[in-house]
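Trainee: Just passing along the structure, written as structure tokens.
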Amino acid sequence: MEKGHNIQIYLIILFLASILVISNNLPALAHKVIIFAWVEGDTVFTESKFSGGREATGAQVLVFDRMGKQLLEGKTNNKGEFSFKIPKLTDLRIVLNAGMGHKAEWKIPESEIQEESGVLGSKMATESSQPVAVGLSKAEIKELIEESLDRKLRPIVRMMTESQSKGPSVTEIVGGIGYIFGLMGLVLYFKNRGKKRNLKKQDD
Amino acid sequence: MHISEGVLSAPVLVTGAAFAAAGISIGLKKMGYEKIPQVAVLSSAFFVASLIHVPIGPSSVHLILNGINGLLLGWLCFPSILVALALQAILFQFGGITVLGINTVNMALPGVICYYLFGKLVNREGGLLSLVAAFACGFLSVCFSGILVAISLVFTEQSFMSVAKLIILAHLPVMIIEGIITLFCVAFLKRVKPEVLGGIYGKGA
């Protein structure tokens, strides 16, 4: 008995020592990772985060088209961001591979790309041709509105990214604990019924 | 250390689920009437622990508490951890339903291993040795989990050794904290309610 314990202790010490020896640079890792992407002009911006708010740095980002063909790949920078020019007018599927079993994806439908890049193209055309406009056409008003909306909405888009990467709420936590104790009650109830039945049989 | 959905291939998922089913059936068989509340309490602890982030060290990781689960529950930690992981998947979107089996094995099996390695030692009379064993139990269960995660990722990631090293190094602060938590839990339980620790071994369950 005593010898067995000694061996266990030696093993523990050996293990602790061996772990302390190793050291290396580490990427961030947690239990959930999120990628968020949006289109601005002809560029797609992506932001990758771990739940808990840390950025996924140096993670691989793959971009696929509608048919599942890989269009391009890249790595997130030290803020977890990665941006690329729209390679093709198609639905984009952006996959983040943060390693160690962490993966997330975000889809951008073709319509979103079309709208965004369309705005950009026509804006350039009008700016060069009409320096001073007397009356504004419908299209021009639309452009101006969209342009300023873009600018105004950018912080909201950011906020959405952040709220996506926020942890669970108190209701969810308390709810989960409630579920567990509910389950406990259920199991106890059924076990108890079995017990009573056995007792009755014994009485008979 | 939750593996996300869509990372692992089907054979790995099925193997994980099979192992989990085996562990859970053993656990359920051993679950006596008086053990149920304890399983529920430790399940809730595991459920909540994943929300406690440990900001020390180079990366962001969270507590796991599979060591104390295994130490107090033995095989019963399989059902306990399964329930907690299922709720984490549904409510927090940590992990996922298809990877539930393999995640359960990755978390619960180290608990069972540590129970067999350190259970008797922890339960012994005599202060220091049992406390060291308790620390090692919390510490090693996280470490074993890291190794199991690396094994499950063998078919996805490039090399086992580098992944295992990364995971274990990132969890080093968690390991130490879990070791300390387990140590204090054992010290506390020994003084207040020693039958919780002794119960499993006494009845040979």
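Listed in order, the protein sequences are those of chains A and B.
Take -8 as the starting number for the first sequence in the working numbering and just add one per residue.
Take 9 as the starting number for the second sequence in the working numbering and just add one per residue.
Even for Gly, the Cβ is constructed at its ideal location relative to N, Cα and C.
Keep in mind it's a predicted model, so treat the numbers as computed, not measured.
Can you tell me where the alpha helix (DSSP H) with glycine 167/A in it begins and where it stops?
Mentor: Its alpha helix (DSSP H) spans residues 161 to 194.
Trainee: Considering just the uninterrupted stretch of the beta strand (DSSP E) at isoleucine 85/A, what are its terminal residues?
Mentor: 83 to 90
Trainee: Indicate, with yes or no, if the ligand GDP has a heavy atom lying under 7 Å from the CB of valine 165/A.
Mentor: No copy of the ligand GDP occurs in the structure displayed, which carries no ligand at all.
Trainee: At 8 Å on the CB atoms, spell out the chain B contacts of lysine 182/A, in chain order.
Mentor: Tyr41, Ile44
Trainee: Please report the distance separating the alpha-carbon of lysine 23/A from that of glycine 65/A.
Mentor: 20 Å
Trainee: Exposed or buried, which one is serine 119/A when buried takes at least 16 other CB atoms within 10 Å?
Mentor: For serine 119/A, the predicted structure reports a pLDDT of 49, less than 50, and the residue's modelled location is therefore unreliable. A value from the coordinates is still provided. Flag for serine 119/A reads exposed.
Trainee: Does the beta-carbon of glycine 135/B have 16 or more other beta-carbons within 10 angstroms, so that it is buried, or is it exposed?
Mentor: exposed
Trainee: What does a CB cutoff of less than 6 Å around isoleucine 34/B pick up in its chain, not counting 5 residues either side in sequence?
Mentor: So the qualifying residues of the chain are Trp83.
Trainee: Name the residue from Phe73/A, Asp33/A, Asp82/A whose alpha carbon lies nearest to the alpha carbon of asparagine 88/A.
Mentor: Phe73/A
Trainee: Taking the straight line between their C-alpha atoms, what separation do you get for serine 88/B and valine 113/B?
Mentor: 12 Å
Trainee: Between the alpha carbons of asparagine 68/A and aspartate 141/A, how many angstroms are there, rounded?
Mentor: 24 Å
Trainee: Whose Cβ in chain A lies nearer than 8 Å to the Cβ of serine 12/B?
Mentor: Lys23, Val24, Gly92, His93, Lys94, Ala95
Trainee: I think alanine 28/B touches glycine 109/B, with their Cβ atoms under 8 Å apart; what is that distance to the nearest whole Å?
Mentor: 4 Å
Trainee: Per DSSP, which residues does alanine 28/A bridge with? Please list them.
Mentor: Thr37/A
Trainee: Using a Cβ cut-off of 7 Å, pull out every chain B residue sitting near glutamate 38/A, in sequence order please.
Mentor: Within chain B, no C-beta atom comes less than 7 Å from the C-beta of glutamate 38/A; the nearest is roughly 16 Å away.
Trainee: Cβ of serine 138/B less than 8 Å from any chain A Cβ?
Mentor: Answer no: the Cβ-Cβ gap between serine 138/B and chain A never drops below 8 Å.
Trainee: Taking glutamate 186/B as part of the alpha helix (DSSP H), name the residues at either end of that continuous run.
Mentor: Residues 180 to 200.
Trainee: Quick one: is glutamine 193/A near chain B, going by C-beta distance under 8 Å?
Mentor: no
Trainee: Answer yes or no: does any C-beta atom of chain B fall closer than 8 Å to that of glutamate 163/A?
Mentor: For glutamate 163/A, the answer is yes, since a Cβ of chain B falls inside 8 Å of its Cβ.
Trainee: At the level of alpha carbons, what is the spacing between leucine 129/B and leucine 90/B?
Mentor: 27 Å
Trainee: Would you say isoleucine 85/A lies against chain B (beta-carbon separation less than 8 Å)?
Mentor: no
Trainee: Whose Cβ in chain A lies nearer than 7 Å to the Cβ of phenylalanine 55/B?
Mentor: Gly167, Ile168, Ile171
Trainee: Give a yes or no on contact between the segment 175 to 189 of chain B and the segment 68 to 76 of chain B, applying the rule of three or more CB pairs nearer than 8 Å.
Mentor: At 8 Å Cβ cutoff, the stretches touch.
Trainee: Got a sec: is the Cβ-Cβ distance from leucine 53/A to anything in chain B below 8 Å?
Mentor: no
Trainee: Determine the burial state of arginine 45/A: buried for a count of at least 16 other Cβ atoms within 10 Å of its Cβ, exposed for fewer.
Mentor: In summary, arginine 45/A is buried, with 16 or more beta-carbon neighbours lying within 10 Å of its beta-carbon over all protein chains present.
Trainee: For a contact defined as C-beta to C-beta under 7 Å, what are the partners of methionine 175/A on chain B?
Mentor: Ile44, Pro45, Ala48
Trainee: Report buried or exposed for threonine 190/B, applying the criterion of at least 16 other Cβ atoms within 10 angstroms of its Cβ.
Mentor: buried
Trainee: Using DSSP with H/G/I as helix, E/B as strand and the rest coil, what is glutamate 96/A?
Mentor: Assignment of glutamate 96/A by DSSP, reduced to helix, strand and coil, places it in the strand class.
Trainee: Along the segment 62 to 85 of chain A, what residues have a CB closer than 7 Å to any CB found in chain B?
Mentor: none
Trainee: Thinking phenylalanine 126/B and alanine 141/B are a contact (beta carbons under 8 Å), I'd like their distance in whole angstroms, please.
Mentor: 4 Å
Trainee: State buried or exposed for alanine 21/A, treating a residue as buried only when at least 16 other CB atoms are found within 10 Å of its CB.
Mentor: With a pLDDT of 42 at alanine 21/A, under the threshold of 50, the modelled position of this residue cannot be trusted, and the question is left open.
Trainee: Could you give the first and the last residue of the continuous beta strand (DSSP E) run that contains serine 74/A?
Mentor: 72 to 76
Trainee: Give me the chain A residues within the contact set of valine 91/B, using Cβ-Cβ distance strictly less than 7 Å, ordered along the chain.
Mentor: Ile171, Leu174
Trainee: With 8 Å as the threshold, decide whether the Cβ of serine 167/B is near any Cβ in chain A.
Mentor: no
Trainee: Measure the CB-CB distance between lysine 94/A and serine 12/B and report whether it falls below 8 Å.
Mentor: Serine 12/B is positioned such that its CB atom lies closer than 8 Å to that of lysine 94/A.
Trainee: Could you have a look at phenylalanine 55/A and say whether DSSP puts it in helix, strand or coil?
Mentor: Strand.
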